[in-house]
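Asker:
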DNA sequence: CTGCTTATGCAAATCGTTTTGCTACCACGC
DNA sequence: GCGTGGTAGCAAAACGATTTGCATAAGCAG
């Protein structure tokens with residue numbers, strides 16, 4: 001009992017070794033109360049020597065914070081693992097992980113695994129939801145567990161949930177205006193059918209664009225699964241039925257890839273016969289042939305804001321944050337003279 | 001003190017409500033000891049009604065397990081955040097997160113942030129290292145903290161650290177043999193200079209290939225930062241200096257992208273004039289024009305094995321796991337007749 | 001009735017911190 | 001001698017679960 005285990009030294013081991021009480025050691029580390037600099041130095045040295053690290057679990061229990069936040073998307077990773085939206089989610093994940101770590105938090109990836117429903121043995125201090133849908137079960141789940149939530153992209157119909165507005169309306173407007181400027185007269189839109197704010201606002205921006213510039217609306221809504229193939233099929237139909245189309249706005253980059261394939265198959269050259277633009281400037285946009293005009297959404301900044309907001313949320317205050325304005329990145333796929 | 005807080009109900013709240021002791025409640029949940037089915041049912045119902053969830057922190061403290069494992073790569077995310085190896089790492093991350101969750105573990109992403117050196121307030125039960133380098137500081141760090149380690153791709157010079165062998169030698173051999181079969185006589189190799197097993201074994205496989213088929217070695221080693229541009233530059237030089245080259249083996253997909261650009265700029269058509277293959281079958285390989293012949297490394301399976309192995313490791317036993325054999329995916333970039 | 005087993009439940013110790021009172025002790029001015 | 005203030009440090013009570021050892025009761029054979 002009073003032997004030292006092979007295991008990690010505890011605070012009381014350290015206290016004993018230093019000849020002080022555990023309280024003093026604790027204060028020496030946290031600085032919550034003054035301890036004699038001499039003593040503090042001795043404790044520090046001894047701690048290093050013994051390889052003492054305060055137990056995160058004990059600290060968590062006492063403080064009520066695990067120091068872990070979660071990143072969750074309602075889009076099954078299995079779907080995202082096709083190259084579809086993996087890039088988008090993971091770019092956020094990587095940035096959020098960095099932001100979290102600089103605040104001494106760890107970031108957990110939690111896939112919406114069916115088996116994980118009831119379980120989830122780990123407690124999170126908060127969760128960042130990526131582009132949740134209307135009535136997203138993840139929202140319900142975390143609200144029931146009273147876990148603070150921050151959303152990247154507002155939660156449709158839930159203005160009460162703090163979110164980082166990723167400005168999907170502005171993004172869509174940017175792209176559509178660009179197409180108009182490039183001389184497009186008949187622009188179609190490929191938009192996801194899931195009720196996420198980005199898709200809802202993209203659709204709204206498109207409708208506004210159509211009524212402003214005249215012409216009938218050519219909006220195709222489609223599911224996110226098998227996004228590229230679906231978009232391929234739909235675009236084939238769309239272009240055949242509407243030979244006057246000269247521009248396409250794809251609200252998801254995988255849609256753009258599919259549309260590009262369809263256009264090429266029909267012999268519509270991009271950008272001469274058809275201009276094609278998409279929102280997310282990921283690998284797809286960059287590597288496409290020709291490269292796709294897209295929008296820099298400032299994802300790392302958005303992730304950083306989300307972490308920041310979540311921390312506020314955990315500590316009580318709540319508010320909404322606007323992301324930086326998105327910026328257009330013009331590439332060949334939409335330019336007047338190739 | 002005896003009032004119920006606005007906060008989460010504890011086990012003793014529940015026990016009081018059910019009219020039993022905390023012990024009984026605990027047993028009812030864990031099943032470590034028999035409790036009357038009647039009582040158990042009542043407790044369950046009450047728990048659901050009150051929204052009781054056992055505190056993960058208390059459980060962690062008692063059991064010594066946080067239920068959190070980490071995924072770390074020594075490749076700065078900042079580098080990976082260019083589209084370079086993001087795909088590779090993140091595909092593993094997504095899969096590992098799923099595997100972890102099915103075992104009731106959470107997976108944390110930990111970027112090698114400079115500021116995170118001394119800190120890291122969260123305790124991990126174990127860590128999965130992705131393709132660590134020789135003398136990787138991450139290895140030293142976690143060894144010092146006595147955190148169980150499992151590596152994806154063996155740690156060079158550290159056969160004692162349990163790892164999932166991702167069979168880089170076989171992967172390289174597969175690709176090189178394919179090139180030979182396609183009629184290549186003079187194959188060059190683009191290989192990363194970081195001392196990771198994948199690169200070391202790729203180089204070895206290449207040298208073996210060269211000595212077997214004759215001809216001189218054309219191996220270019222280059223850094224991982226700015227991978228695509230570096231490869232572009234190096235390939236330009238390489239092709240100009242060696243017009244007889246008819247095949248390139250790129251050990252990193254970003255290298256392949258750069259090489260492709262260089263070839264196209266020099267007017268070497270792929271695959272007619274030059275056949276190009278790479279290891280990782282990610283977005284780059286699939287979206288490249290022409291698409292790249294690559295290898296299915298079975299990353300999800302590898303991630304799953306890593307999690308499994310780590311769990312063994314945490315519980316004591318230790319061993320090495322072989323990944324499934326990699327499989328060639330032939331695409332246009334390397335085929336004899338386009 | 002005694003002795004033995006099985007079913008059920010409880011009280012208390014434990015995990016490693018943080019935090020709250022409280023006690024010395026010293027020095028100073030009156 | 002005595003209050004007053006400041007400094008250093010300690011003991012003990014949380015935090016919320018799990019687990020061990022013990023207690024009670026019932027069932028049953030002898």
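Residue numbers (this note's numbering), protein chains in the order written: chain L, 1 to 338; chain G, 1 to 338.
Where a beta carbon is used, it is the ideal one built from N, C-alpha and C, also for glycine.
#1: Checking the sheet assignment: what are the DSSP bridge partners for residue 151 of chain L?
#2: To the nearest angstrom, report how far apart residue 298 of chain L and residue 175 of chain L are at their CA atoms.
#3: To be precise: take each residue of the stretch 23-55 of chain G, compare its Cβ to all Cβ atoms of chain L, and keep it if any distance is under 9 Å. Which residues remain?
#4: Taking CB distances under 8 Å as the criterion, tell me whether residue 287 of chain L reaches chain G.
#5: Going by beta carbon distance, what residues of the same chain come within less than 7 Å of residue 223 of chain G, once the five residues before and after it are set aside?
#6: Roughly how many whole angstroms lie between the Cα atoms of residue 153 of chain L and residue 21 of chain G?
#7: Can you pull out the residues from the stretch 95-113 of chain G whose beta carbon lies closer than 9 Å to at least one beta carbon of chain L?
#8: So, is residue 132 of chain G buried or exposed, given that buried needs 16 or more other C-beta atoms within 10 angstroms?
#9: Closer than 8 Å by beta-carbon distance: list the chain L residues that pair up with residue 284 of chain G, in chain order.
#10: Leaving out five residues before and five after residue 330 of chain G in sequence, what residues of the same chain have Cβ atoms less than 8 Å from its Cβ?
#11: If contact is defined by three or more beta carbon pairs under 8 Å, each pair taking one atom from either stretch, is the stretch 121-130 of chain L in contact with the stretch 57-73 of chain L?
#12: Checking contacts by CB at 8 Å: is residue 261 of chain G closer than that to chain L?
#13: State yes or no: is the beta carbon of residue 332 of chain L nearer than 8 Å to at least one beta carbon in chain G?
#14: So which residues of chain L does residue 93 of chain G contact, with C-beta pairs closer than 8 Å?
#15: Determine the direct distance from the alpha carbon of residue 279 of chain L to that of residue 275 of chain G, and round the result to whole angstroms.
#16: Against residue 122 of chain G, what residues of chain L qualify as contacts under a CB-to-CB distance less than 7 Å, listed in chain order?
#17: Using three-state DSSP, classify residue 327 of chain G as helix, strand or coil.
#18: Applying the criterion that 16 or more other CB atoms from any shown protein chain within 10 Å of the CB defines a buried residue, is residue 284 of chain L buried or exposed?
#19: For residue 148 of chain G, which residues from the same chain have a beta carbon less than 6 Å from its beta carbon, with the 5 sequence-adjacent residues on both sides left out?
#20: Specify the secondary structure class of residue 124 of chain L as computed by DSSP and reduced to three states.
#21: Quick one: grab the DSSP three-state call for residue 225 of chain G.
#22: Looking at the structure shown, is residue 85 of chain G part of a helix, part of a strand, or coil, going by DSSP?
#23: Three-state secondary structure (DSSP) at residue 52 of chain G?
#24: Give me the subset of the stretch 138-150 of chain L whose CB atoms are less than 8 Å from a CB atom of chain G, sorted by chain position.
#25: Exposed or buried, residue 242 of chain G, counting other C-beta atoms within 10 Å across all chains shown (16 or more means buried)?
#26: Tell me which residues share the same chain as residue 108 of chain G and place their Cβ nearer than 6 Å to its Cβ, disregarding the 5 neighbours each side in the sequence.
#27: Got a sec: is the Cβ-Cβ distance from residue 305 of chain G to anything in chain L below 8 Å?
#28: Could you give the DSSP three-state label for residue 288 of chain L: helix, strand or coil?
#29: Say the cut is 7 Å; is the CB of residue 125 of chain G nearer than that to a heavy atom of the ligand SAH?
#30: Shortest alpha-carbon distance to residue 11 of chain L belongs to which of L/146, L/159 and L/46?
#31: Between the stretch 88-106 of chain L and the stretch 37-54 of chain L, do at least 3 Cβ pairs fall closer than 8 Å?
#32: Output, in chain order, the set of chain G residues within a Cβ distance shorter than 8 Å of residue 61 of chain L.
#33: Does DSSP put residue 28 of chain G in a helix, in a strand, or in coil?
#34: Establish whether the CB of residue 16 of chain G and some CB of chain L are separated by less than 8 Å.
#35: Just confirm the distance between the C-beta atoms of residue 111 of chain G and residue 97 of chain L, as a whole number of angstroms; I'd bet it's less than 8 Å.
#36: Please state the DSSP three-state secondary structure of residue 106 of chain G.
Answerer: In terms of the structure at hand:
#1: BP columns for residue 151 of chain L point to L/129 and L/163.
#2: Going from the Cα of residue 298 of chain L to the Cα of residue 175 of chain L covers about 16 Å.
#3: 51, 53, 54 and 55
#4: yes
#5: 193 and 230
#6: 46 Å
#7: 95, 96, 97, 98, 100, 101, 102, 104, 105, 106, 107, 108, 109, 110, 111 and 113
#8: buried
#9: 283 and 287
#10: 178 and 293
#11: yes
#12: no
#13: no
#14: Within 8 Å Cβ-Cβ: 90, 93 and 109.
#15: 33 Å
#16: 56, 67, 68 and 106
#17: Three-state result, residue 327 of chain G: strand.
#18: buried
#19: 126, 313 and 314
#20: coil
#21: The answer is coil: DSSP assigns residue 225 of chain G none of H, G, I, E or B.
#22: Note that residue 85 of chain G scores a pLDDT of 49, beneath 50, so its modelled location is shaky and nothing firm can be said.
#23: coil
#24: 144, 145 and 146
#25: exposed
#26: 68 and 70
#27: no
#28: coil
#29: The ligand content of the structure shown is nil, which means the ligand SAH is not present either.
#30: L/46
#31: Touching, no, given that fewer than three Cβ pairs across the two stretches are closer than 8 Å.
#32: Chain-order list of chain G residues neighbouring residue 61 of chain L: 55, 57, 58, 60 and 61, by C-beta distance under 8 Å.
#33: helix
#34: no
#35: 5 Å
#36: Strand at residue 106 of chain G.
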